[in-house]
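Beneath this line is the structure, given in structure tokens, with notes to follow.
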Amino acid sequence: MNNFPKTPKDLLRLVFSKKMLLKYNMVVLFGAVVYTILSFRIYTFKFLIDPLADKDVNGFYFGLGFLIFVVGFGYFLEFLERRIRVKLSVEFASIMRKFNFKHIIRYPYDFFASNLSGKIISDMRNLDYLEMWYKRVNSQKIVILELLIILGITFYTNAYVGLSFIVFSFLLYFLFKNQTSKIKHLSVINNTTGSTFKGRMFDYLGNISLVRLFNIYKEEDRNLEKYHETYKKASISLYIQKHKFNLYGSFLLLFLELLVTFYMIHLIKLNLVTIGDFSVIVMYMNMFNSRFLRFVRYEAEVRDLQGGIESALSRLFVELHNYDPAFSEGVPLNSNIRVENLCLTLSNKPIFNNLNLVIKEGEKVGLVGLSGAGKTTLVETLMRLHSIDSGMVFVGEKDITKIKLAELLDTFGIVDQNTLLYNDSIEYNLTLGRKFTDKQINNALKKSYLLDFVKDQPKGLKTIVGERGVRLSGGQKQRLGIARAILFDAPILILDEATASLDSKSEEVIQSSIENLIKNKTVIAIAHRLSTLDIMDRILVMKNGEIVEDGSQKELLNKKGAYYELYTNQNDKFY
Ligand SMILES: Nc1ncnc2c1ncn2[C@@H]1O[C@H](COP(=O)(O)OP(=O)(O)OP(=O)(O)O)[C@@H](O)[C@H]1O
Ligand SMILES: [Mg+2]
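What the sequence shown shows, in numbering that gives the first Met the number 0, is residues 0 to 574, in sequence order.
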């Protein structure tokens, strides 16, 4: 795919409908009309000052009326325009944020596995600045329009002064061009280092328990400080460059002011311009200067925002595999699993080479093998967490690459050693926000032997479990995971080391709750503890990414092969 958005403009086209952009541009156009009217307000002073110099009272009152009308009408329109624009800006920003969430959160798993989440958040935040960028770009257009009008009026009033303004504008433009690209360059560096620093900081926070347990605050501080130092340096360079840019602008404009004032005084002496012309030109020069400085400031901001957005885009929109197909071939029809000639390489390391496997609906299969044999990776591949090199994987008769991930994952329920928990109530962690009846929840709690525990809690189901469930014991966490799986009732269950690291009493309770869970389900149970495999119909033994044995526990024990070896070794170790 080569059509990744690379610039803020590309992103604009990707995120916003044509209609929305048209609406935005209409408002900008309206703004242009308003500011054109307002630009003329200074010229109307001429109708006030010249009659005054001629002592023409009627002319003066006419001029005053005209001035009040232009200014009043102009400001009323400006008020209206601001109101519409602010409302539209908020709508615009909200569409961008929603896009961020809906689009990036649904990226394939690989992306999140290989990026620090803090970095992703920081980059997403940079994309939020698209609205600001667009606003500034459009404000710049209006400022340019105002500058053109000022040049026109000045030219009309006095051709020489107008000409000097024009020459000056070109000169300034070329002087600034080089400076603005420097700003953009420094902004890219600032954003890249900032995003890395923020990523590290989130990682630090996410692992705060680890930091506390091993008392590695100092080490972490030092680590973070290093990233912070680079970020700080980049920020300072950017700040200095922007400051230099603004300073240049002010200095050059001051020069223009002096030049024009002296020239005008000279012209007045020669009686070539009226006092009204003089006042108008001086006022327009002021306006020209303020607009030019505004343009310069906006230019610096636009370049800065552009750099930030482009650097975030380069990290957020990258070639990824494993996307959902555009059209789904429907949901899995049953829970049959079929793997044909599966080849998978991860980080250049071959994991599976021509792996074949069939698991029938309702079968309960134990998956065993030494650490690193590929058990977890196999299960992850069934759930399309990895993009395979070749071969086919079917779940419920559907090629898993031809259906949407959400449909595929609804077929799977998982209970693993490490129940993932939100820092929220027991209830929320059970239902994860999906709707279930009280009866369903009670049933799940009963089958996982958690009912008494929940009743003993001061706030029952509403009790907060703490960060990653710190207020629960290991066994309780695991049973909560089991209760959740019972509630979600997916037809295929994956149990990854569900009974590891528990005392025998707890293990018994967990074992019973698992038995409740797996009734009428297709099950793949990964286990090191072979005693938990008694209830499985079939056992697969994996070795270096291959299935080396496949049969019932009894058959495999009689065979005295790889499984027998694991079993006897383990009995020595554990019992
Ligand atoms: N993302 C990855 N990139 C590179 N190699 C990987 C990746 N994920 C897993 N592996 C490698 O694949 C092999 C199989 O890992 P896997 O986690 O499937 O083993 P396992 O059988 O589940 O082991 P354990 O019993 O310890 O959980 C290992 O050698 C591992 O280093
Ligand atoms: Mg594993």
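Glycine residues also receive a C-beta, built at the ideal position from the N, C-alpha and C atoms.
Being a predicted model, the structure only gives us computed values, none of them experimental.
Just the Cα atoms here: how many angstroms apart are residue i and residue j?
{"i": "residue 541", "j": "residue 560", "result": "12 Å"}
{"i": "residue 277", "j": "residue 90", "result": "45 Å"}
{"i": "residue 408", "j": "residue 414", "result": "14 Å"}
{"i": "residue 573", "j": "residue 553", "result": "Reliability of the predicted coordinates at residue 573 is poor, the pLDDT of 40 falling under 50, and the value obtained from them is presented with this limitation in mind. For residue 573 and residue 553, the distance between alpha carbons rounds to 20 Å."}
{"i": "residue 232", "j": "residue 202", "result": "22 Å"}
{"i": "residue 379", "j": "residue 491", "result": "13 Å"}
{"i": "residue 307", "j": "residue 522", "result": "48 Å"}
{"i": "residue 583", "j": "residue 510", "result": "Coverage of the chain is limited to positions 0 through 574, which leaves residue 583 absent and any answer about it impossible."}
{"i": "residue 267", "j": "residue 260", "result": "11 Å"}
{"i": "residue 217", "j": "residue 304", "result": "35 Å"}
{"i": "residue 88", "j": "residue 80", "result": "12 Å"}
{"i": "residue 83", "j": "residue 206", "result": "45 Å"}
{"i": "residue 0", "j": "residue 317", "result": "In this prediction, residue 0 has a pLDDT of 44, which is less than 50 and means its spatial position is unreliable; what the coordinates show is noted afterwards. Near 9 Å, if we compare the C-alpha coordinates of residue 317 and residue 0."}
{"i": "residue 92", "j": "residue 127", "result": "7 Å"}
{"i": "residue 9", "j": "residue 197", "result": "26 Å"}
{"i": "residue 421", "j": "residue 466", "result": "7 Å"}
{"i": "residue 472", "j": "residue 464", "result": "10 Å"}
{"i": "residue 389", "j": "residue 343", "result": "7 Å"}
{"i": "residue 86", "j": "residue 77", "result": "14 Å"}
{"i": "residue 399", "j": "residue 115", "result": "28 Å"}
{"i": "residue 428", "j": "residue 298", "result": "49 Å"}
{"i": "residue 176", "j": "residue 302", "result": "11 Å"}
{"i": "residue 331", "j": "residue 402", "result": "8 Å"}
{"i": "residue 476", "j": "residue 418", "result": "6 Å"}
Please find out if some non-hydrogen atom of ligand 1 comes closer than 7 Å to the beta-carbon of residue i.
{"i": "residue 373", "result": "yes"}
{"i": "residue 376", "result": "yes"}
{"i": "residue 341", "result": "no"}
{"i": "residue 336", "result": "no"}
{"i": "residue 348", "result": "yes"}
{"i": "residue 381", "result": "no"}
{"i": "residue 365", "result": "no"}
{"i": "residue 370", "result": "yes"}
{"i": "residue 76", "result": "no"}
{"i": "residue 345", "result": "yes"}
Out of the options, which has the shortest C-alpha to C-alpha gap to residue i?
{"i": "residue 284", "options": "257, 298, 296", "result": "257"}
{"i": "residue 320", "options": "305, 302, 105", "result": "105"}
{"i": "residue 487", "options": "63, 138, 431", "result": "431"}
{"i": "residue 136", "options": "295, 262, 433, 426", "result": "295"}
{"i": "residue 143", "options": "368, 447, 290", "result": "290"}
{"i": "residue 548", "options": "147, 170, 366", "result": "366"}
{"i": "residue 208", "options": "226, 248, 468", "result": "468"}
{"i": "residue 516", "options": "163, 538, 539, 489", "result": "489"}
With 16 other CB atoms within 10 Å as the buried threshold, where does residue i fall?
{"i": "residue 2", "result": "exposed"}
{"i": "residue 25", "result": "exposed"}
{"i": "residue 269", "result": "exposed"}
{"i": "residue 4", "result": "buried"}
{"i": "residue 396", "result": "exposed"}
{"i": "residue 7", "result": "buried"}
{"i": "residue 446", "result": "buried"}
{"i": "residue 533", "result": "exposed"}
{"i": "residue 349", "result": "exposed"}
{"i": "residue 271", "result": "exposed"}
{"i": "residue 457", "result": "exposed"}
{"i": "residue 329", "result": "exposed"}
{"i": "residue 519", "result": "exposed"}
{"i": "residue 507", "result": "exposed"}
{"i": "residue 60", "result": "exposed"}
{"i": "residue 411", "result": "buried"}
{"i": "residue 172", "result": "exposed"}
{"i": "residue 275", "result": "buried"}
{"i": "residue 443", "result": "buried"}
{"i": "residue 246", "result": "exposed"}
{"i": "residue 385", "result": "buried"}
{"i": "residue 592", "result": "Residue 592 lies beyond the range of the chain shown here (0 to 574); nothing can be said about it."}
{"i": "residue 244", "result": "buried"}
Regarding residue i and ligand 2, is the C-beta to nearest heavy atom distance less than 7 Å?
{"i": "residue 495", "result": "yes"}
{"i": "residue 525", "result": "yes"}
Please confirm if residue i has its CB atom under 8 Å from at least one CB of chain C.
{"i": "residue 58", "result": "Within the model displayed, chain C is absent; a lone protein chain is all it includes."}
Nearer than 7 Å: is that true of the beta carbon of residue i relative to any heavy atom of ligand 4?
{"i": "residue 407", "result": "For the structure depicted, ligand 4 is absent and the ligand set comprises only ligand 1 and ligand 2."}
Point to revise | At least 3 beta-carbon pairs within less than 8 Å: the region 233–247 vs the region 178–190 | key: yes
Check your understanding: Is there contact between the region 319–329 and the region 349–360, where contact requires at least three CB pairs shorter than 8 Å?
Key -> no
Practice item. Flag this pair as touching only if the region 62–80 and the region 32–47 have three or more C-beta atom pairs under 8 Å; answer yes or no. Key: yes
Check your understanding: If you pair each beta-carbon of the region 149–156 with each one of the region 329–345, do three or more pairs fall below 8 Å?
Key -> no
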